[in-house]
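There are 2 protein chains.
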Amino acid sequence: MDNQDRPAEMSKDPLVVFTPSGKRGRFPAGTPVLTAARRLGVDLDSVCGGRGICSKCQITPSYGEFSKHGVTVAPDALSEWNAVEDRYDRKRGLKPGRRLGCQAQILRDVVIDVPPESQVHRQVVRKAAAVRAIEMDPATRLFYVEVDAPDMHEPTGDLERVKRALRAQWEIDDIAADLPAIAGLQKTLRKGEFRITVALHKARADSVPELVAAWPGLHEAGLYGLAIDLGSTTIAAHLTDLETGEVIASSGIMNPQIRFGEDLMSRVSYSMMNPGGDAEMTRAVREALDTLTTEIAAEAGIEPGLILEAVFVCNPVMHHLLLGIDPVELGQAPFALATSSALDLPARDLGLTALPATAQVYLLPCIAGHVGADAAAVTLAEEPQKSEDLVLIVDVGTNAEIILGDKRRVLACSSPTGPAFEGAQISSGQRAAAGAIDAIRIDPETKEPRFRVIGSELWSDEPGFAEATAATGITGICGSGIIEAVAEMRMAGVLDPSGLIGSAEATGTARCIAEGRTHAYVIHDGTAEGGPLITVTQGDIRAIQLAKSALYAGARLLMDEMGVDRIDRVVLAGAFGAHISPKHAMVLGMIPDVVLDKVTSAGNAAGTGARLALCNLAARRAIEENVRLITKVETAIEPRFQEHFVAANAIPHATDSFPELSKIVPLPAVSFNAGGGEDRPRRRRRRS
Amino acid sequence: MDNQDRPAEMSKDPLVVFTPSGKRGRFPAGTPVLTAARRLGVDLDSVCGGRGICSKCQITPSYGEFSKHGVTVAPDALSEWNAVEDRYDRKRGLKPGRRLGCQAQILRDVVIDVPPESQVHRQVVRKAAAVRAIEMDPATRLFYVEVDAPDMHEPTGDLERVKRALRAQWEIDDIAADLPAIAGLQKTLRKGEFRITVALHKARADSVPELVAAWPGLHEAGLYGLAIDLGSTTIAAHLTDLETGEVIASSGIMNPQIRFGEDLMSRVSYSMMNPGGDAEMTRAVREALDTLTTEIAAEAGIEPGLILEAVFVCNPVMHHLLLGIDPVELGQAPFALATSSALDLPARDLGLTALPATAQVYLLPCIAGHVGADAAAVTLAEEPQKSEDLVLIVDVGTNAEIILGDKRRVLACSSPTGPAFEGAQISSGQRAAAGAIDAIRIDPETKEPRFRVIGSELWSDEPGFAEATAATGITGICGSGIIEAVAEMRMAGVLDPSGLIGSAEATGTARCIAEGRTHAYVIHDGTAEGGPLITVTQGDIRAIQLAKSALYAGARLLMDEMGVDRIDRVVLAGAFGAHISPKHAMVLGMIPDVVLDKVTSAGNAAGTGARLALCNLAARRAIEENVRLITKVETAIEPRFQEHFVAANAIPHATDSFPELSKIVPLPAVSFNAGGGEDRPRRRRRRS
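Those protein sequence lines, which keep their order, are chains Z and V.
For the first sequence, the numbering used here gives the first residue as 10, with consecutive numbering after it.
For the second sequence, the numbering used here gives the first residue as 10, with consecutive numbering after it.
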């Protein structure tokens, strides 16, 4: 049919040049643009297979002279605007200059631009921490097919005729079909009068695509996936459009397993001490995931039945408990994982009933018994293995994932910081939700605090603050808030290097109140309005000291293993209260010394890794390959970890250790929760 | 290592010849027999991989001169009996002359016989209807592996180390693992001190084997599969040893869907009329399968957890209801199946909870909307496509599967006979179980009946009958019993050609009693002992007439399609009351005329097809290929079917139509139920 193989000079067929790819070829006059694009391997989307109904194949012809391509494009290079395009334009509207690639036929030499939204493998730029773009190549895709009606004289099953249509219309050789998808297929076919859109899931390059959903006619309600960071204390999910890559809702929920133990090891103990305890915890987390799924779908205004994929990142204990595997082996040396490989599973095998039965789950691989899929996800998002300089990545959570490396070598460990950094085990702590204090400054002279709460952009000493926070109230302190509070208390001299809160007499402020034999610092007294008294107690300081010492000791241990005593830069990440203030983290002594402008905040890097894996199959293969190359360091049995831990207890006076800190304007502290998602953080006007 | 590639003359290595395969090769002195067998591709079993613990590799060395093989075997051709063999012999016993192939080393030229029980692909001869042997090649097999203990410094998951062991010890490149199997793996590994036996399921030649079970140490409790014939009225199962192919228990249960409608179309109607009715019927049949599984495992004395496979044959409506698919499309033209292909599914997707969650199910393909996997199974068992002469195969059930064909062409249809042939809709009917009358003779002179009941080999007029049946009682008539009863009533003149039972006056026997405006024939009056009055009523005769007319009409329709009016032979099959008496079937007019000795009884051919598919993967591929070649004829819309049906209503006097019948000794009527299974029918002493 086409003349690509003949020398171009000899052919009189029109030449078509596609931009931005630059792919070119000659085709007989009358060839639809979509057909030409397919033959040349140009990335031009289509769900309906060229029937003029899905509009995914929109293109923009260019007219005039193109010396770069050696083509002059005449105004009649494409066939005339036709009835199908006209109908589509009237019903849905086409942008000026756009044509439908399946309708417009090539008549003379032409240059055709494929706009980004018409590319299958379009790139989604991550706006917040725009390290790199995500190329869309999800495991699940839509295909519109016109299926033969059944014929009594040549009996075949409906599924077999769908297969035949996919072969003829999409060149998809064979598909498998998940039983729940088969069960609903007959009604869908008849409702759509044998025209249906199917969703096919292809987990790996060499796997047979699996039919996971079908809708009558052209399905236009979209197709979604969940990227889930399943932490010990909090579960964060991003609902992502699998066609555009856009995050349409982000939401979080407490991990209800907290009632079985606040940290991982106490949950492992619970399982050891209570027969059936692991099953109980598995049930709890699965129920929470069902709740989260229902809520996030409602927030985004979509049917949960359209969520056909979920990608999970989590630490090994959560990994096992999600899968229904007793985590007991993870509580004792040699910390053997039941399985470390990435897993592809149907959601129903995980008992996730809020997702459709055919939804497919991908779990990132674990690195070792204490270094899980969450650490793998962080490396996927931050790519330390590609870094020229030595980077320390710290993912702050109940269990901190710590990664140190560069192009030559990547090390990883985890450290049991406990839930303090997530606002748990803190007297006024809460998760990062509306009403939580997430930023604090304390005047070194007056020792008076000012603060902001999630849900308002005003500081507490700004006009209108009371009105702005009236709806949510001021309910507690979240993870990033407590880190700032302790660091500010130290800088203001309310706290001594050993971590002791001074008395009112010693500090000269009535905000230091007695509490038993120790003292507490009052950040906000809302009792007059029936609200809480929000303080930082001596117990809170101790919890933060333990947490930060564990984190610091883990980082030092990796530095020992790497044989270095300086690092080049630090990336701070965390699922909740996502953007930790680098300055305060360093004042607190969470991380080793580094020049302050070399500390960046990456938001929920594990969640980003999950999103990457959700949107792009190659990212899954990359992380499966990368985890083999990561050297894992075991903190639990390493005596030096204990030494570093003990040595890291103090909170040195910030301006002593880091003289530049006092001169620097703090970086914005941004929390992704309660709204936008990490791609669209609520940037606040700055005055501080 | 071995010298196979060098010319035999030049090698001084010992020659080993295996019988019965005749495979031969030279190996360095000291090579274990098992190693030599593996290199030569000799079919010698081993589960433990040559560690001297499983004893599957037993061989028998032959000594002396073997001119056929050109070898003289010296007494010291193999290494001496060793400690491992000695221990095994003391603990379990080795037959005289036997050695363990993994222990005995080849020292000099030797001839080695592999006894049948040491062959993986051993043949199981079907004793009853010994049409052909089954070669064992099941989808699920056992492998013993020694797994590395976990090492903190080289962290890998337990599953990944099992994979490594399978690669190193069994050359199995990669496996997948079903989640429930992963969940239990850690405990099994530790219980077995990292020595375990795994069961791998490989559904197709090109599929990755899947880990479906694991046991500590060497697993010796065996591995089982269920071959299930899921009929509209009755469900029959054969519990089969997947290592030997032996049927260790056969059992049946009524299909509880009967309460939703006795035949298929009334169940389809139930689904049409009642929203959720299909789900209700699905639940009912799955529960019955759970009960059947539990009962058959208990009967055989094995753990249900050892049943790792199930193969189903069924008609299309049962196929859909088992899968959870609404059968409504099967109730109206064009009778479209949801799917016609063979299916591989985990048992848990079918909600079969009595089987282990990882048990794998195989469903044979369907041929068309009214011709199901049961007909496919019958062709697998009876192979009409290989027949030189034109054979009619009739599988009697609530829906009869009728197949006509030879080497050139095979036709199939189904016919809605209703459940009368299975003893349902019959006033004294019951399923073929202990206490049921399954054979009857009526004296043409006295009109007195004599009969046998399942559970005893005596006729009712033989001494000791009362004692022999005291335990079970005489409870009713099963399918083969009712066929004989009606035919015998006709031959004895109790019934006229139109099917009317005569009065006591007309027939001259008090056994013909009035029942309303019609008459009934009393076979057995047990009321004096508190038992039932067992009669054949006019209603029973009408039900049998309808059933046999439907069957006959279906067969005639296929003959019309084939363009023949004679057939060469008939095979009668049926799941329950399995062995129908050919003579009585022909007297009744169930089947077209054919010389009596060309009528054979095949027992439960569909069940046999299921067993073949259970034991041999090639049989699955064969049937998947064969169903494409079968031409399906639709009875429901064919006017000639109605004509044949009406014409077939009469019951001609047997000896008029078939003069030879009166001279022939009846074939044994054998029922497989309540005991052995079709391979081991209870043959009874004959006197009639």
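Beta carbons: idealized from backbone N, C-alpha and C, even for Gly.
Predicted, not measured: the structure shown is a model, and the values here were computed from it.
Asked: Under 7 angstroms between C-beta atoms of A309 of chain V and A258 of chain V; Found: yes
Asked: Given T455 of chain V as reference, the closest of V:E497, V:G525, V:E144 and V:G572 once Cα atoms are compared; Found: V:E497
Asked: Proximal residues of chain V, C-beta to C-beta of L194 of chain Z below 7 angstroms; Found: A347
Asked: Chain-ordered neighbours of D569 of chain V on chain Z, where CB pairs are closer than 9 angstroms; Found: Simply none; closest approach about 16 angstroms.
Asked: First and last residue of the uninterrupted beta strand (DSSP E) at R629 of chain V; Found: Careful: R629 of chain V lies outside any beta strand (DSSP E), inside the alpha helix (DSSP H) at L626 to L638.
Asked: Beta strand (DSSP E) runs contained entirely in the stretch 312-355 of chain V, provided each spans 3 or more residues; Found: 316-323 and 352-355
Asked: Cβ-Cβ distance between D187 of chain Z and T44 of chain Z below 7 angstroms; Found: no
Asked: C-beta atoms of R575 of chain V and H653 of chain V nearer than 7 angstroms; Found: no
Asked: Residues of the stretch 154-171 of chain V with Cβ closer than 7 angstroms to any Cβ of chain Z, in chain order; Found: P159, D160, M161, P164, T165, G166, D167, L168 and E169
Asked: Cβ-based neighbour list, D93 of chain V, same chain, cut-off 8 angstroms, excluding 5 preceding and 5 following; Found: The sequence shown places Val at residue 93 of chain V, not Asp. For V93 of chain V, where only same-chain residues beyond five positions count, the Cβ hits under 8 angstroms are G61, L109 and Q112.
Asked: 7 angstroms Cβ shell around L301 of chain Z - same chain, five flanking residues per side excluded; Found: I244, A246, S260 and I262
Asked: Among Z:V636, Z:F344, Z:L623 and Z:W468, the one whose alpha carbon lies nearest that of R213 of chain Z; Found: Z:L623
Asked: At least three beta-carbon pairs within less than 8 angstroms, the stretch 197-206 of chain V to the stretch 218-229 of chain V; Found: yes
Asked: Spatial neighbours of H533 of chain V in its chain, beta-carbon cut-off 6 angstroms, leaving aside the 5 residues before and after; Found: I483 and I543
Asked: Sheet register partners of L239 of chain Z (DSSP bridge); Found: Z:I244 and Z:C323
Asked: Residue burial classification, T536 of chain Z (beta-carbon count within 10 angstroms, cutoff 16); Found: exposed
Asked: Where P41 of chain V sits in the DSSP three-state scheme; Found: strand
Asked: Whether V636 of chain V touches A385 of chain V by CB criterion (7 angstroms); Found: yes
Asked: G572 of chain V to T640 of chain V span [Cα, whole Å]; Found: 14 angstroms
Asked: K395 of chain Z to L389 of chain Z span [Cα, whole Å]; Found: 11 angstroms
Asked: is_contact[E202 of chain Z, chain V] using C-beta, thresh 7 angstroms; Found: no
Asked: D470 of chain V at chain Z interface by Cβ criterion, 7 angstroms; Found: no
Asked: Rounded straight-line distance, which links the Cα of E466 of chain Z to that of A442 of chain Z; Found: 14 angstroms
Asked: E155 of chain V versus V:D167, V:E163 and V:R629, residue with shortest Cα-Cα distance; Found: V:D167
Asked: Min CB distance L188 of chain Z to chain V below 7 angstroms; Found: yes
Asked: Limits of the unbroken alpha helix (DSSP H) element including L168 of chain V; Found: D167 to W179
Asked: Pair within 7 angstroms by beta-carbon distance, I589 of chain V and S610 of chain V; Found: yes
Asked: Minimum Cβ-Cβ distance from A211 of chain V to chain Z less than 7 angstroms; Found: Going by the sequence as given, residue 211 of chain V is Lys instead of Ala. Chain Z contact via Cβ: absent.
Asked: Status (buried if at least 16 other CB within 10 Å, exposed otherwise) for R417 of chain Z; Found: exposed
Asked: Neighbourhood of S469 of chain Z by C-beta, 6 angstroms cutoff - its chain only, sequence neighbours within 5 removed; Found: R459 and F460
Asked: Residues within the stretch 336-367 of chain V neighbouring chain Z, beta-carbon criterion of under 7 angstroms; Found: E338, A342, P343, F344, A345, L346, A347, T348, S349, S350, L354 and D358
Asked: Reduced DSSP category for F474 of chain Z - H, G, I as helix; E, B as strand; rest coil; Found: helix
Asked: Chain-ordered neighbours of G286 of chain Z on chain V, where CB pairs are closer than 7 angstroms; Found: Chain V residues near G286 of chain Z: none, gap ~15 angstroms exceeds 7 angstroms.
Asked: Residue of Z:I510, Z:I522 and Z:R629 minimising C-alpha distance to L372 of chain Z; Found: Z:R629
Asked: DSSP state of A2 of chain Z mapped onto helix, strand, coil; Found: Only positions 10 to 697 of chain Z appear in this structure, which leaves residue 2 of chain Z out of reach.
Asked: V603 of chain V to V495 of chain V span [Cα, whole Å]; Found: 20 angstroms
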